[in-house]
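Quick note on numbering: the sequence shown equals residues 1 to 112 in the numbering used here. Contents: one structure, followed by commentary.
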Amino acid sequence: MEGGRGGGDGNAEVNNNNGSQAKAVQEKEEVAFFKLFWFADRLDVALMIVGTICAVGNGLSPPVMTLAFGNLINTFGSTDPGHIVPTVSKVSLQFLYLAIGTGAAALLRKPQ
1 MEGGRGGGDG NAEVNNNNGS QAKAVQEKEE VAFFKLFWFA DRLDVALMIV GTICAVGNGL
61 SPPVMTLAFG NLINTFGSTD PGHIVPTVSK VSLQFLYLAI GTGAAALLRK PQ
């Protein structure tokens, strides 16, 4: 393979001076999971913490949206028609806040 990025199998083809192809097996060095964090500086740790908090916040948005939607449905089931509009306004504001929070969390966390 000339000029490529290589395959995922750990093997690479090497051109010898005489033009023949020979396979050189690259050694795969295994590193423990926690050893990866050994080389992180303060900025890396801060970014990992922010990313983790934002990922948790982004993951919590569907259950919170389900609770807000349940409040909205309960409002329509109430017997007092004069009580519906103020409660729907409150729930719609909850949806707006949830959308803003979820959008911020999604923007701040690093996608995989």
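Even for Gly, the Cβ is constructed at its ideal location relative to N, Cα and C.
Subject >> Buried versus exposed, by CB contacts within 10 Å (16 or more), Arg42 >> reply: Counting from 1 along the sequence shown, the entry for residue 42 is found at position 42. Arg42 should be labelled exposed.
**OP:** Let me know if Gly6 comes out buried or exposed under the rule of 16 or more other beta-carbons within 10 Å of its beta-carbon.
**Re:** Counting from one through the sequence shown, the residue named residue 6 turns up at place 6. Annotation note: pLDDT 48 at Gly6 (below 50); position unreliable, coordinate value reported separately. Exposed.
Original post:
At which residues does the alpha helix (DSSP H) containing Pro81 begin and terminate?
Top reply: As a working mapping, residue 81 is identified with position 81 in the sequence shown. It is not in any alpha helix (DSSP H) - Pro81 carries neither H nor E in the DSSP assignment.
**OP:** Taking Leu93 as the reference, give the member of Pro81, Glu29 and Met65 with the closest Cα.
**Re:** For the purposes of this step, residue 93 is taken as residue 93 along the sequence shown, with counting starting at 1. Comparing Cα-Cα distances from Leu93 to each of Pro81, Glu29 and Met65, the minimum goes to Met65.
Original post:
How would you write the range of the alpha helix (DSSP H) that Val56 sits in, first residue to last?
Top reply: For the purposes of this step, residue 56 is identified with residue 56 of the sequence shown, where counting begins at 1. Unbroken alpha helix (DSSP H) run through Val56: Arg42 to Phe76.
Original post:
So, using beta-carbon positions, are Ile84 and Phe95 closer together than 8 Å?
Top reply: Locating residue 84 in the sequence shown gives position 84, where the first residue counts as 1. Locating residue 95 in the sequence shown gives position 95, where the first residue counts as 1. No, these two residues do not count as a Cβ contact at 8 Å.
Original post:
Helix or strand or just coil, what does DSSP make of Ala32?
Top reply: Counted from its first residue, the sequence shown places residue 32 at position 32. It is coil, neither helix nor strand.
Original post:
Do Cys54 and Ala105 have their CB atoms nearer than 8 Å?
Top reply: Here residue 54 corresponds to residue number 54 of the sequence shown, with the count starting at 1. Here residue 105 corresponds to residue number 105 of the sequence shown, with the count starting at 1. It is a contact, given that the beta carbons lie within the stated cut-off.
Subject >> Exposure of Thr102, with buried meaning 16 or more beta-carbon neighbours within 10 Å >> reply: One-based indexing of the sequence shown puts residue 102 at position 102. It counts as buried.
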